[in-house]
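Enquirer: First, the structure itself, so that you have it in front of you.
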Amino acid sequence: MTSDTQPLTRAEARGRRSASTASSASSSKPRSAALPTAKRLDLQGLRALAVGLVVLNHAFEWPAGGFVGVDIFFVISGFLMTSLLYREYERAGTIRFLAFYRRRIRRLIPASATVIFVTLAGGFALFGSGRFLSTVWDGLAALFFVSNWRFAAVSTDYFAQGAQTSPLQHYWSLSLEEQYYLVWPVAVLVLGLLVAGLRGPRVTAALLSLVITVGLFFVSLQLTIADSGTAYFITPARLWELAVGSTIAFCMPLFGRLPAVWRPAIMLASLAGMITAAVITPPGEGFPAPWALVAVLSTAMFIAFPWQPARGWLNPLANPVLSHVGDISYSLYLWHFPALILITEAFRGLPGDKTPIPAVVSIAVAILLSELSYRYVEEAVRKSRWLEPKKKRRRAQGSRVKAVALGAVATVTAAILVLAFTVDQRGKNPEVAAEKTAPPAAGNVLEGAMDRSALDSLSADIKTALGEKSWPELDPSMDSIIAEYKGDPTTSACAGSKYPGMDTCTWGEPGAPISMAIVGVPPRSPTWRCSGPWSTRRAVSSGSPPWECTAAPSSTSGPAVRIQDSRMRVPIASSSRSPTSTN
Numbered sequence: 006m007t008s009d010t011q012p013l014t015r016a017e018a019r020g021r022r023s024a025s026t027a028s029s030a031s032s033s034k035p036r037s038a039a040l041p042t043a044k045r046l047d048l049q050g051l052r053a054l055a056v057g058l059v060v061l062n063h064a065f066e067w068p069a070g071g072f073v074g075v076d077i078f079f080v081i082s083g084f085l086m087t088s089l090l091y092r093e094y095e096r097a098g099t100i101r102f103l104a105f106y107r108r109r110i111r112r113l114i115p116a117s118a119t120v121i122f123v124t125l126a127g128g129f130a131l132f133g134s135g136r137f138l139s140t141v142w143d144g145l146a147a148l149f150f151v152s153n154w155r156f157a158a159v160s161t162d163y164f165a166q167g168a169q170t171s172p173l174q175h176y177w178s179l180s181l182e183e184q185y186y187l188v189w190p191v192a193v194l195v196l197g198l199l200v201a202g203l204r205g206p207r208v209t210a211a212l213l214s215l216v217i218t219v220g221l222f223f224v225s226l227q228l229t230i231a232d233s234g235t236a237y238f239i240t241p242a243r244l245w246e247l248a249v250g251s252t253i254a255f256c257m258p259l260f261g262r263l264p265a266v267w268r269p270a271i272m273l274a275s276l277a278g279m280i281t282a283a284v285i286t287p288p289g290e291g292f293p294a295p296w297a298l299v300a301v302l303s304t305a306m307f308i309a310f311p312w313q314p315a316r317g318w319l320n321p322l323a324n325p326v327l328s329h330v331g332d333i334s335y336s337l338y339l340w341h342f343p344a345l346i347l348i349t350e351a352f353r354g355l356p357g358d359k360t361p362i363p364a365v366v367s368i369a370v371a372i373l374l375s376e377l378s379y380r381y382v383e384e385a386v387r388k389s390r391w392l393e394p395k396k397k398r399r400r401a402q403g404s405r406v407k408a409v410a411l412g413a414v415a416t417v418t419a420a421i422l423v424l425a426f427t428v429d430q431r432g433k434n435p436e437v438a439a440e441k442t443a444p445p446a447a448g449n450v451l452e453g454a455m456d457r458s459a460l461d462s463l464s465a466d467i468k469t470a471l472g473e474k475s476w477p478e479l480d481p482s483m484d485s486i487i488a489e490y491k492g493d494p495t496t497s498a499c500a501g502s503k504y505p506g507m508d509t510c511t512w513g514e515p516g517a518p519i520s521m522a523i524v525g526v527p528p529r530s531p532t533w534r535c536s537g538p539w540s541t542r543r544a545v546s547s548g549s550p551p552w553e554c555t556a557a558p559s560s561t562s563g564p565a566v567r568i569q570d571s572r573m574r575v576p577i578a579s580s581s582r583s584p585t586s587t588n
């Protein structure tokens, strides 16, 4: 998701295009088609498209396949890293591993660590102890670039976003890329040594890379068939996507021979392929292999056959706006998911918490923080001499050091201020929670199911609970219980829905004369019973189990239903037989 190349000014870009045109006119082999030496503005636009798809998918669950933006990033990363490494090998006959890894650390660690720190601070303020501890472990895994393996190990379902989703879950892709960066320089060096001295070494390297890519794809296919949930995260199932980008890098001189007249059509077709993939790719089974093929091959086409018209605006992705979004895409990717999870949590119980408002606010906050961290963290560190050998270091001017320090502090402070504001607003609305959890009025479903003394005792307990300022510490914590419960496939879709409706949260006999609404079913209760002509509706939080209920005779109003938790022996709800009365 990152690049070591830097954007050109418009004058420099025009100069390079002129030089490239002159060179191609004087040579039968277009050297400008070789491995790139400067940032391509269209690739910056492609980055903007990729991060936009991911952000929209996470925030609004639209487009449904917007998660393929990560696959687009993988192909770009494979292409750029291989271009950089093989160019160095051609020039020097070797690869300077330490210099490469220094650049990676300087480029990735500062912004990544900043986001992790702010996210943990937000989790401490908003989460219960169980969920916060889990987030701490997620942060440690992210710092050591093993997030993807952690989420695979704890059986995380990427496509089942719910109340317990980790705000650092998106770090899985960054961890996977870093694992690729760890081994790929060695692979490129070995590949270069194998083809050295051969006629057409680049073609041979491209063929070998293609064979490796095809093999990795079939490995991914087998892993996806075996367990698509695990395959989504793990490195062996994803390496083929990065390898596609690497193969394109080796083949660029060959692709450069394609007549320019065909390039606009190929570019538009590849864009259409990526958009189509974002719309039609189904979440879950069949991903990453074979469904990721549509996005991956479309991205490969876009990279392989660049179109640079004389009038740059004709290329829809090569414009200043998208280029800037591409510049900040790494920071935007880092910030968007923690902002979404934390702000959604802060809005819980407030007016508008079930509307798109939290998502819109989180995107705005993420963009603001991305601008700050790009300027004062990413770029400041990249231009510094941090981690450079001592003989190359220069004493930085005091004003510059102060500017960098103040910028970094401003970024973190802005994030914490946003967090503090949302927490404060949530704390000022206790009546919202009281309204949602207060005991029902007279004639409620508990009347007739409990005697008056039990009801008074329960009411007193509820009032006491509403007066508490924090959740009690439980062992095990409710967070861990809910997170561990996988649920029944029939009910999971409803329980995990952001905006559940009666059309998806109704079970039972179609057209049943009796309806019953169940609210607040306790988690992990295996002993619910239900039978008879009941149409059941449920409004619960993610993590509640499937349940049944049993029709039983009532001494007052004929058949009635009692739903009971065997551990507490306290009736949760009851319903009359009247089809016009739903309790």
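In my numbering, the protein residues as written are 6 to 588. Beta carbons: idealized from backbone N, C-alpha and C, even for Gly.
(1) Find out if the Cβ-Cβ distance for the pair Thr252, Ala157 is shorter than 8 Å.
(2) Using beta carbons (cut-off 8 Å, strictly below), is Val73 in contact with chain C?
(3) When you compare the CB positions of Trp245 and Phe222, do they come within less than 8 Å of one another, or not?
(4) Looking only at its own chain, which residues have a Cβ that is under 7 Å from the Cβ of Arg207, when we skip the five neighbours before and after it?
(5) Can you name, in chain order, every residue of its own chain whose Cβ lies under 6 Å from the Cβ of Glu290, other than the five neighbours on each side?
(6) Can you grab the Cα-Cα spacing for the pair Ser328 / Pro363, in whole Å?
(7) Quick check: the Cα distance between Ala64 and Ala146, rounded to an integer number of angstroms?
(8) Please list the terminal residues of the continuous alpha helix (DSSP H) segment that includes Glu350.
(9) Report the option in Glu182, Ala211, Gly202 whose CA atom is closest to the CA atom of Val193.
(10) Assign Glu473 to one of three DSSP states: helix, strand, or coil.
(11) Answer yes or no: do Tyr335 and Ala126 have a C-beta to C-beta separation smaller than 8 Å?
(12) Ignore the nearest five residues each way along the sequence and tell me which others in Val386's own chain have a CB closer than 7 Å to its CB.
(13) Which of the three DSSP states is assigned to Gly261 in this structure?
(14) Taking the straight line between their C-alpha atoms, what separation do you get for Val216 and Ser88?
(15) Does the contact criterion of 3 or more C-beta pairs under 8 Å hold for the stretch 86-104 versus the stretch 300-319?
(16) So is Ser178 buried or exposed if we call it buried at 16+ other beta carbons inside 10 Å?
(17) Would Met6 pass as a contact of Phe78 if the rule is Cβ separation under 8 Å?
(18) Phe129 by DSSP, collapsed to three states: which one?
(19) Entirely within the stretch 282-325 and at least 4 residues each: give me those alpha helix (DSSP H) ranges in chain order.
(20) I'd like to check one pair, Gly50 with Asn324: are the Cβ atoms closer than 8 Å?
(21) Can the beta-carbon of Tyr338 be found less than 8 Å from the beta-carbon of Phe292?
(22) In angstroms, rounded to a whole number, what distance separates the CA positions of Ala294 and Met279?
(23) Relative to the C-alpha of Thr161, which residue among Leu148, Asp143, Lys388 is closest?
(24) Among the residues of its own chain, which have a CB less than 6 Å from the CB of Val224, if the five just before and after it don't count?
(25) For Asp461, is the classification buried or exposed, using 16 other Cβ atoms within 10 angstroms of its Cβ as the cut-off for buried?
(26) Pull up the distance between the alpha-carbon of Leu173 and that of Thr124, whole angstroms please.
(27) Whose CA, out of Phe352, Gly202, Leu247, Ser458, lies closest to the CA of Gly220?
(28) Quick check on Met6: does DSSP put it in helix, strand or coil?
(29) So, using beta-carbon positions, are Val73 and Ala297 closer together than 8 Å?
(30) If you reduce the DSSP assignment to three classes, tell me which class Pro5 lands in.
(31) Have a look at Ala283 and Leu196 and give me their C-alpha separation to the nearest angstrom.
(32) Hey, quick one: how far does the alpha helix (DSSP H) through Ala165 stretch, first residue to last?
(33) Quick one, are the C-beta atoms of Gln169 and Arg136 less than 8 Å apart?
(34) Can you tell me the Cα-Cα spacing of Ala201 and Thr209, whole angstroms?
Expert: Quick look at the numbers:
(1) Along the sequence shown, read from residue 1 onward, the residue named residue 252 stands at position 247. Along the sequence shown, read from residue 1 onward, the residue named residue 157 stands at position 152. No, they are not a contact pair.
(2) The chain inventory of the structure shown lacks chain C, comprising one protein chain alone.
(3) The residue you call residue 245 lines up with position 240 of the sequence shown. The residue you call residue 222 lines up with position 217 of the sequence shown. Yes, these two residues count as a Cβ contact at 8 Å.
(4) To locate residue 207, count along the sequence shown from 1; it is residue 202. Excluding positions up to five away in sequence, the list reads Phe255, Pro258.
(5) Within the sequence shown, the letter at position 285 stands for residue 290. These residues qualify, in order along the chain: Ser233.
(6) On the sequence shown, position 323 is the one that residue 328 refers to. On the sequence shown, position 358 is the one that residue 363 refers to. Rounded to the nearest whole angstrom, the CA to CA distance from Ser328 to Pro363 is 27 Å.
(7) Translated into positions along the sequence shown, residue 64 becomes position 59. Translated into positions along the sequence shown, residue 146 becomes position 141. Rounded to the nearest angstrom, the two C-alpha atoms are 24 Å apart.
(8) As a first step, residue 350 is located in the sequence shown; it is residue number 345 there, counting from the start. Looking at the DSSP string, the run of the alpha helix (DSSP H) that includes Glu350 is 334-352.
(9) As a working mapping, residue 193 is identified with position 188 in the sequence shown. The option with the nearest alpha carbon to Val193 is Ala211.
(10) As a first step, residue 473 must be located in the sequence shown, where it is residue number 468. Correct three-state label for Glu473: coil.
(11) Here residue 335 refers to the residue found at position 330 of the sequence shown. Here residue 126 refers to the residue found at position 121 of the sequence shown. No, Cβ-Cβ distance for Tyr335 and Ala126 is not below 8 Å.
(12) Position 381 of the sequence shown holds residue 386. Cβ neighbours of Val386 beyond the five flanking positions: Arg111, Pro115.
(13) Within the sequence shown, residue 261 is the residue found at index 256, counting from 1. Correct three-state label for Gly261: coil.
(14) Residue 216 sits at position 211 when you count from the first residue of the sequence shown. Residue 88 sits at position 83 when you count from the first residue of the sequence shown. Approximately 18 Å, taken between the alpha carbons.
(15) no
(16) Reading the sequence shown from its first residue, position 173 is the one you call residue 178. Ser178 should be labelled buried.
(17) Position 1 of the sequence shown holds residue 6. Position 73 of the sequence shown holds residue 78. The answer is yes: Cβ separation under 8 Å.
(18) Locating residue 129 in the sequence shown gives position 124, counting from the first residue. The answer is helix: DSSP assigns Phe129 an H, G or I state.
(19) 298-309
(20) Residue numbering aside, residue 324 sits at position 319 when the sequence shown is read from its first letter. Residue numbering aside, residue 50 sits at position 45 when the sequence shown is read from its first letter. In contact: Asn324 and Gly50 (Cβ atoms closer than 8 Å).
(21) The count along the sequence shown starts at 1 and reaches residue 338 at position 333. The count along the sequence shown starts at 1 and reaches residue 292 at position 287. Taking 8 Å as the Cβ cut-off, Tyr338 and Phe292 do not qualify as a contacting pair.
(22) Locating residue 294 in the sequence shown gives position 289, counting from the first residue. Locating residue 279 in the sequence shown gives position 274, counting from the first residue. When rounded, the distance between both Cα atoms is 16 Å.
(23) On the sequence shown, position 156 is the one that residue 161 refers to. Thr161 has its Cα closest to that of Asp143, out of Leu148, Asp143, Lys388.
(24) Start at 1 with the first residue of the sequence shown, and residue 224 comes out as number 219. Same-chain partners within the cutoff: Pro241.
(25) Working through the sequence shown from its first residue, we reach residue 461 at position 456. So Asp461 ends up on the exposed side.
(26) Mapped onto the sequence shown, residue 173 falls at position 168. Mapped onto the sequence shown, residue 124 falls at position 119. So the two alpha carbons sit approximately 8 Å from each other.
(27) Here residue 220 is taken as the residue at index 215 of the sequence shown, counted from 1. When only C-alpha atoms are compared, the closest one is Leu247.
(28) As a working note, residue 6 is residue 1 in the sequence shown. Under the three-state reduction of DSSP, Met6 is assigned to coil, being neither helix nor strand.
(29) For the purposes of this step, residue 73 is identified with residue 68 of the sequence shown, where counting begins at 1. For the purposes of this step, residue 297 is identified with residue 292 of the sequence shown, where counting begins at 1. Taking 8 Å as the Cβ cut-off, Val73 and Ala297 qualify as a contacting pair.
(30) This structure leaves residue 5 out entirely; the chain is present only between 6 and 588.
(31) Residue mapping note: residue 283 aligns to position 278 of the sequence shown, counting from 1. Residue mapping note: residue 196 aligns to position 191 of the sequence shown, counting from 1. Roughly 34 Å separates the two Cα atoms.
(32) By one-based count along the sequence shown, residue 165 stands at place 160. Looking at the DSSP string, Ala165 is not in any alpha helix (DSSP H), and its letter there is neither H nor E.
(33) Within the sequence shown, residue 169 is the residue found at index 164, counting from 1. Within the sequence shown, residue 136 is the residue found at index 131, counting from 1. Closer than 8 Å, so yes.
(34) The residue you call residue 201 lines up with position 196 of the sequence shown. The residue you call residue 209 lines up with position 204 of the sequence shown. So the alpha carbons of these two residues sit roughly 10 Å apart.
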